[in-house]
Amino acid sequence: MPIAFEHVSHIYNDGTPYRHVALEDVSLELAEGKITAIIGQTGSGKSTLVQHLNALLLPSAGKVLILDRTIEAGSQPKQLKSLRGQVGLVFQFPEYQLFEETVLKDIAFGPKNFGVSEEDAAKKARTAMQMVGLGPEFEERSPLELSGGQKRRVAIAGILAMDPAVLVLDEPTAGLDPQGTEQMMSLFHRLNRESGKTILIVTHDMEQVYRYCDEVVVMEQGKPKLRTDVQTFFHDSSLCRELNILPPALIRMKDMLRENGFTVSDEISDVNGLAKELARQVKRHG
Amino acid sequence: MGNFTLGRYLPLDSPIHRMDPRAKIMGMLLMLIAIFIPSGWIGYGIIFVCAAGTILLAKLQFGFILKSMRPMMIMMIFLFIINCLVIHTGEPLFVIGPVVIYKDAILQTLYIVVRLLLMIMITTCLTATTKPLDMTLGIEDLLKPFEKIHVPAHEIAMLISIALRFIPDLIDETQRIIKAQESRGVDMKEGKMQERIMAILSLIVPLFVSAFQRAEDLANAMEARGYAPGEKRTRYKVLKMAGRDYTLLLCCTAVLAGMIWLSRMS
Ligand SMILES: Nc1ncnc2c1ncn2[C@@H]1O[C@H](COP(=O)(O)OP(=O)(O)OP(=O)(O)O)[C@@H](O)[C@H]1O
Ligand SMILES: [Mg+2]
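Residue numbers (our numbering), protein chains in the order written: chain A, 1 to 286; chain B, 1 to 266.
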């Protein structure tokens, strides 16, 4: 089942002086079973776009196809709850949504809302905690007195516990430490590769896009400027530069090497590989 | 819920926008007093015409005002029901089941609705055309004379301006939290009693947490820049009353006097 936008526009505060067109005639299809990165400058409409996927925002014009649902402008869709159970959306700065007395209860809140029994919800919550790297010692703590990074994990676990088929993450790693970022990204990667979940990640971090994602959508002023696979996108740095995006360090390094007369193959996709190749070439000439 | 407009500043350019905030605040107070004088339908008609004229002059749209009324709808319906149940004077008009609706019940509700509408129109004329910062300066100046009796004019003005400044932020925050919880399957609109309580809790708790957080951040930011209450501060912007400001005050006073006269007549 495809995820597609067909001529979708979204206008905030229509009919007031604060009217703002955040999405303009967006037509876009998103790959199923893959990890897609949505990138673009701040204010380009990324968050607005992804909030259409579980019908938190309804299109002002056009329609959104998601799983087996069609959400059309002007209609009042019913039974959004089931859609929201299937499309898990983690908000930008989700730590503000925690409210329960204990971490475990807060994570179990989502599944319980979708009709899972108390015990099963707790079980799902424990599994989700383990996934995001929160030990059992956190279960009974108040989510309000955790650190920012820990809160973020609780919030992400709260969505994972719902076991959605499509997982949408709005800047999930902003403000996490490098280690936490690694952990989260490889978790999403695993969820995609092992459980076949479709994953969409809004991010500003090109290293993440390069290392973990399959597809890229570039948003610019409320429109998708480009949609392509990561390999093509980062084939060399020219496309990135055209779009005013700083390419990942590895790509920049490769480009610089090429400019200086080295031959670097496209296959190389990590620092180790590059270092070995470089050593080989230097030795041969030296 | 979508567009909450009550109390928002609208950055337009109009004669009303350019007026001195002190004149506007005084004018609004005079008009509010005028509304509370029982001057009958003619009086309310006059106030309505004045308020509508000001709204036109300020280039505001009536739709904007009506939108700000929307949150009050439920309250008004509630009020109407209560009035129907308790007021038993005037002619009985019609009967719905066991309840007899009297003329006064409808009149009373109508009075309140009209007053509320007028009040919203007039306060909107002030809040939509005055930058929060100018509003604070105005309030501070108007309270200056009371400093003699130890009214902390500056602090009050600062309090009000901070409160005003936070209203849109808190509304945005509320909407954000609602969305986040809806993503977790909360239904804000329907559900059983217990579910509704959970839904409200899931909104209120994060809202309080973030409000306190914001307050603390702001306090720290102000202190870090050397703000100390009670200390003497100079002003960047000096307010000055012009001819049109005096005209406004004169008109408002005239309306108030007219209302008093009308209420004496009846
Ligand atoms: N609730 C809202 N009301 C009015 N305008 C909004 C609202 N939310 C977003 N906007 C506007 O819509 C535009 C797109 O916002 P959006 O949040 O989708 O951007 P973004 O690409 O996610 O940016 P960022 O990278 O900063 O998160 C912005 O110009 C923003 O000002
Ligand atoms: Mg965003």
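We treat Cβ as the ideally placed atom computed from N, Cα and C, and that holds for glycine.
Chain B contact residues for residue i, given Cβ-Cβ distances below 8 Å
{"i": "F188(A)", "result": "Within chain B, no residue comes near F188(A); the closest Cβ sits about 17 Å away, beyond 8 Å."}
{"i": "G45(A)", "result": "Neighbours of G45(A) on chain B: none; closest Cβ ~16 Å, over 8 Å."}
{"i": "G222(A)", "result": "The premise fails here: G222(A) is roughly 19 Å from chain B at the closest Cβ pair, so nothing lies under 8 Å."}
{"i": "G110(A)", "result": "R184 and G185"}
{"i": "Q51(A)", "result": "K179"}
Contact list for residue i against chain A, beta-carbon separation under 7 Å
{"i": "F64(B)", "result": "T16"}
{"i": "L270(B)", "result": "Past the edges of chain B, shown from 1 to 266, lies residue 270(B), and the structure says nothing about it."}
{"i": "I177(B)", "result": "Y96 and Q97"}
{"i": "P71(B)", "result": "Neighbours of P71(B) on chain A: none; closest Cβ ~15 Å, over 7 Å."}
{"i": "P206(B)", "result": "Y96, Q97, L98 and F99"}
One or two residues paired with residue i in a DSSP bridge
{"i": "P145(B)", "result": "P145(B) pairs with nothing; no bridge assigned."}
{"i": "I201(A)", "result": "A37(A) and L169(A)"}
{"i": "T70(A)", "result": "L65(A)"}
Residue i: contacting residues in chain B (beta-carbon distance under 7 Å)
{"i": "K81(A)", "result": "G185 and D187"}
{"i": "R69(A)", "result": "The premise fails here: R69(A) is roughly 16 Å from chain B at the closest Cβ pair, so nothing lies under 7 Å."}
{"i": "L89(A)", "result": "S183"}
{"i": "L56(A)", "result": "K179, E182 and S183"}
{"i": "N113(A)", "result": "R184, G185 and V186"}
{"i": "L144(A)", "result": "V209"}
Range covered by the alpha helix (DSSP H) that runs through residue i
{"i": "I251(A)", "result": "A249 to E259"}
{"i": "M193(B)", "result": "M193 to A224"}
{"i": "Y102(B)", "result": "Where Y102(B) is concerned, there is no enclosing alpha helix (DSSP H), although the beta strand (DSSP E) it sits in stretches over V99 to Y102."}
{"i": "V218(A)", "result": "Per DSSP, V218(A) belongs to no alpha helix (DSSP H); it is in the beta strand (DSSP E), E215 to E220."}
{"i": "G88(A)", "result": "No alpha helix (DSSP H) contains G88(A), which is instead part of the beta strand (DSSP E) from V87 to V90."}
{"i": "A157(B)", "result": "A153 to S183"}
{"i": "V186(B)", "result": "From DSSP, V186(B) is part of no alpha helix (DSSP H); its letter is neither H nor E."}
{"i": "Q208(A)", "result": "M206 to Y212"}
{"i": "S238(A)", "result": "S238 to E242"}
{"i": "A51(B)", "result": "G40 to L57"}
Simplified DSSP assignment, three categories, for residue i
{"i": "P92(B)", "result": "strand"}
{"i": "S263(B)", "result": "helix"}
{"i": "R18(B)", "result": "helix"}
{"i": "T48(A)", "result": "helix"}
{"i": "S75(A)", "result": "coil"}
{"i": "M1(B)", "result": "For M1(B), the pLDDT reaches just 36, beneath the cut-off of 50, and the residue's location in the model is therefore unreliable, although a value from the coordinates is still provided. DSSP places M1(B) in coil when its eight states are reduced to three."}
{"i": "K276(A)", "result": "helix"}
{"i": "L239(B)", "result": "coil"}
{"i": "E101(A)", "result": "coil"}
{"i": "S68(B)", "result": "helix"}
{"i": "L79(B)", "result": "helix"}
{"i": "G15(A)", "result": "coil"}
{"i": "T42(A)", "result": "coil"}
{"i": "D245(B)", "result": "helix"}
{"i": "P132(B)", "result": "helix"}
{"i": "D106(A)", "result": "helix"}
{"i": "E95(A)", "result": "helix"}
{"i": "E140(B)", "result": "helix"}
{"i": "L12(B)", "result": "coil"}
{"i": "H150(B)", "result": "coil"}
{"i": "A55(A)", "result": "coil"}
{"i": "D270(A)", "result": "coil"}
{"i": "K232(B)", "result": "coil"}
{"i": "Y227(B)", "result": "coil"}
{"i": "L107(B)", "result": "helix"}
{"i": "H235(A)", "result": "coil"}
Contact list for residue i against chain A, beta-carbon separation under 8 Å
{"i": "L12(B)", "result": "P17"}
{"i": "I55(B)", "result": "Here the premise fails: no neighbours, minimum Cβ distance about 14 Å."}
{"i": "S210(B)", "result": "Y96"}
{"i": "A257(B)", "result": "Chain A residues near A257(B): none, gap ~35 Å exceeds 8 Å."}
Cβ of residue i within 8 Å of any chain D Cβ
{"i": "A215(B)", "result": "Absent from the structure: chain D. Protein chains present are A and B."}
Where the beta strand (DSSP E) containing residue i begins and where it ends
{"i": "T228(A)", "result": "K223 to D229"}
{"i": "D25(A)", "result": "H20 to L30"}
{"i": "S9(A)", "result": "I3 to Y12"}
Cross-chain neighbours of residue i in chain A, by beta carbon under 9 Å
{"i": "P132(B)", "result": "By Cβ distance, chain A contributes nothing, its closest Cβ being about 16 Å from P132(B), past 9 Å."}
{"i": "P168(B)", "result": "Near P168(B) there are no residues of chain A at all, since even the closest Cβ is about 10 Å away, more than 9 Å."}
{"i": "A58(B)", "result": "In chain order: nothing, as chain A lies at least about 12 Å away."}
Proximity test, residue i beta-carbon vs ligand 4 heavy atom, cut-off 7 Å
{"i": "Y212(A)", "result": "What this structure holds is ligand 1 and ligand 2, not ligand 4."}
Interface residues of chain B facing residue i [CB-CB closer than 9 Å]
{"i": "G158(A)", "result": "R184"}
{"i": "G85(A)", "result": "G185"}
My parser needs the beta strand (DSSP E) runs of 3 or more residues fully inside the region 118-193 of chain A; what are they?
166-170
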